[in-house]
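Before any comments, here is the structure.
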Amino acid sequence: MGKKKSEKYNIDLLKGKNYSKSNALVNSKGKANLLAQKLFAIGIQQATEDEKSGILTAELRGTDLRKVFGNNNGSFYDEIKALVEPIKDKPSLMDWRIVFTDDTTKSVEAINIVTDCRFEDGIFQMRFNDKVNKEIRQLKQNYTVFSLAETIPLKSIYSFKLYEMLKAEYDKQDYIARKSGQRTNNPTYVTDINIVDLKLRFGIIDSTTDKKIADALKKADPDYEKIAEMAEGQKDNAKYKRFSNFRKGTIEVAQKELAEKTSISFEFEQLKSGRGGKTTGIRFFIKKKEPEQNIIVEETKEELTEDDIYQIVFDAKQMLGEEFSIKDIRAICSVANYDLSKIESAKKIMDGSKSKITNPTGWLINAIKEEYEESKSINNSNGFHNFEQSDFNYAELEKQLLDN
């Protein structure tokens, strides 16, 4: 069977889930892949703080992440593991370093986002750098609130980064306009960004691996032309040296995706200077969509591979518990068409049933077939789901799956 990557995000799980970042963090310079950015966003929303130490950590279940991302591909866990366990020539979460300007002290700092992370027994855990905590927690000014339902479906790292930048700018200017009583209906806000600065924010020019660039950014008014010269040998920068390539590969991709999937949209124009009209910056015209406009989220149907089915059965086993045999789990998954959300919904109803259920497997299969509905609401915890993680012997579970 052909293997296709799912693009069906579970927006229902993300609705109402927001996360906040300081504007300094939003506009920081650094390099990270899209999955790292998304895990960080979800981690912020799910983070808990130790009352005594003040340490901020996030614990995310692999099964929940698969549902949120709508990813039934067997390689999904491998992608997370690759972020946790350094692989040659591929940066891990521990390598994710940013350069940003502290709004309070106005000093430029270079810090790691995460100080510790691991993925084991189906749980992804990360500890945030203490210096990052004040940029994502108990924020009172100069920050922006983002919706996971808008950021998680984005497929380009440039869409993700530009969405956060432009929404932060829109919200800031909108606040100033409202406070001064000068806000108009359906306003358009304008912001200019130097093209080298934008490449630094995108991570196309990596400031965290070049000390000369990092030092140059510490100046009150960085010389972006000199920074561009320092970055000549960087691979990604060489790829986007020509503005036409940069525009097509980043800005236009983000423009299309933001218009389709988020609450903001933008137009842009080049800013030129000097002889020959060299492009030195981009002017963005940012608008917010009218409330009645629907956000479109792309969904694709996929043909499951054996690896996909194996992983879904594995996840279902964790969800349902030891009382269900692998044979039972496979039967339940088959009836649910390998949709974990259907299995979860049926289990919620079964757990809330006052009647004694003597055949849980048969009950779940019938509940899925007949599309049982909950007779009363079930209170959820702050997390995406309210299931407790079962105490499994993962090695034994994997052996059972392979044997069946």
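First residue of the sequence shown? That's 29 in the working numbering, and the numbers climb one at a time after it. Each residue gets a CB set at the ideal place from its N, CA and C atoms; glycine is no exception.
{"Query": "Cα-Cα separation between Leu182 and Ser383, rounded to whole angstroms", "Result": "44 Å"}
{"Query": "Where Arg125 falls: helix, strand or coil (DSSP)", "Result": "strand"}
{"Query": "Cβ distance (whole Å) where Val112 is taken to contact Tyr186 below 8 Å", "Result": "Not a contact, Cβ separation roughly 24 Å."}
{"Query": "Sequence-distant residues of the same chain with beta carbon closer than 6 Å to Asn161, five excluded per side", "Result": "Leu84"}
{"Query": "Closest Cα partner of Arg125 within the set Ala242, Ala196 and Lys43", "Result": "Ala242"}
{"Query": "Span separating the alpha-carbon of Gln298 from that of Gln346", "Result": "53 Å"}
{"Query": "Glu107 versus Gln210 - alpha carbon distance", "Result": "48 Å"}
{"Query": "Inter-residue Cα distance where the pair is Lys195 and Thr172", "Result": "8 Å"}
{"Query": "Asn55, buried or exposed, once every other Cβ within 10 Å from all chains shown has been counted against 16", "Result": "buried"}
{"Query": "Reduced DSSP secondary structure (H/G/I, E/B, other) of Ser405", "Result": "With a pLDDT of 34 at Ser405, under the threshold of 50, the predicted position of this residue should be treated as unreliable, though the coordinate-derived value follows. The answer is coil: DSSP assigns Ser405 none of H, G, I, E or B."}
{"Query": "Alpha-carbon to alpha-carbon, Leu88 and Gln42", "Result": "The question names Gln, yet the displayed sequence has Leu at residue 42. Taking the straight line from one Cα to the other gives about 14 Å."}
{"Query": "Leu332, DSSP secondary structure in three states", "Result": "coil"}
{"Query": "Extent of the continuous alpha helix (DSSP H) to which Thr91 belongs", "Result": "Gly90 to Phe97"}
{"Query": "Those residues which DSSP pairs with Val142 across a bridge", "Result": "Phe156"}
{"Query": "The beta strand (DSSP E) enclosing Leu299, as first and last residue numbers", "Result": "Ile292 to Ser301"}
{"Query": "Residues near Thr236 by beta carbon distance below 6 Å, same chain, minus five either side", "Result": "Gly58 and Arg125"}
{"Query": "DSSP state of Ile255 mapped onto helix, strand, coil", "Result": "helix"}
{"Query": "Distance CB(Lys227)-CB(Ile233) smaller than 9 Å", "Result": "yes"}
{"Query": "Segment limits, alpha helix (DSSP H) that includes Phe104", "Result": "Phe104 to Val112"}
{"Query": "Gln166: CB within 8 Å of a non-hydrogen atom of the ligand PLP", "Result": "With respect to the ligand PLP, the structure shown offers nothing to examine, as it has no ligands at all."}
{"Query": "Distance between Phe97 and Lys45 (C-alpha atoms, nearest Å)", "Result": "14 Å"}
{"Query": "Reduced DSSP category for Asn394 - H, G, I as helix; E, B as strand; rest coil", "Result": "helix"}
{"Query": "Exposure label - Lys300; buried when at least 16 CB within 10 Å", "Result": "exposed"}
{"Query": "Within 9 Å, strictly: CB atoms of Lys189 and Arg229", "Result": "yes"}
{"Query": "Rounded C-alpha distance that separates Phe342 from Val363", "Result": "16 Å"}
{"Query": "Same chain, Cβ closer than 6 Å to Gln153, five either side skipped, listed in chain order", "Result": "Glu87 and Arg146"}
{"Query": "Own chain partners of Asp144 with C-beta closer than 6 Å, once the 5 adjacent residues on each side are dropped", "Result": "Arg155"}
{"Query": "Inter-residue CB distance, Ile70 and Leu176 (contact presumed, cutoff 8 Å)", "Result": "7 Å"}
{"Query": "Proximity below 9 Å, CB of Tyr191 to CB of Thr278", "Result": "no"}
{"Query": "Where Lys45 falls: helix, strand or coil (DSSP)", "Result": "coil"}
{"Query": "Buried or exposed by the 16-neighbour rule on C-beta atoms within 10 Å, applied to Asp251", "Result": "exposed"}
{"Query": "Asp343 - DSSP class collapsed to helix/strand/coil", "Result": "helix"}
{"Query": "Delimiting residues of the alpha helix (DSSP H) encompassing Arg206", "Result": "Ile185 to Ser208"}
{"Query": "Under 9 Å between C-beta atoms of Ile385 and Cys361", "Result": "no"}
{"Query": "C-beta atoms of Lys66 and Thr179 nearer than 9 Å", "Result": "yes"}
{"Query": "Whole-angstrom C-beta distance between Ala52 and Thr129, which should lie under 8 Å", "Result": "6 Å"}
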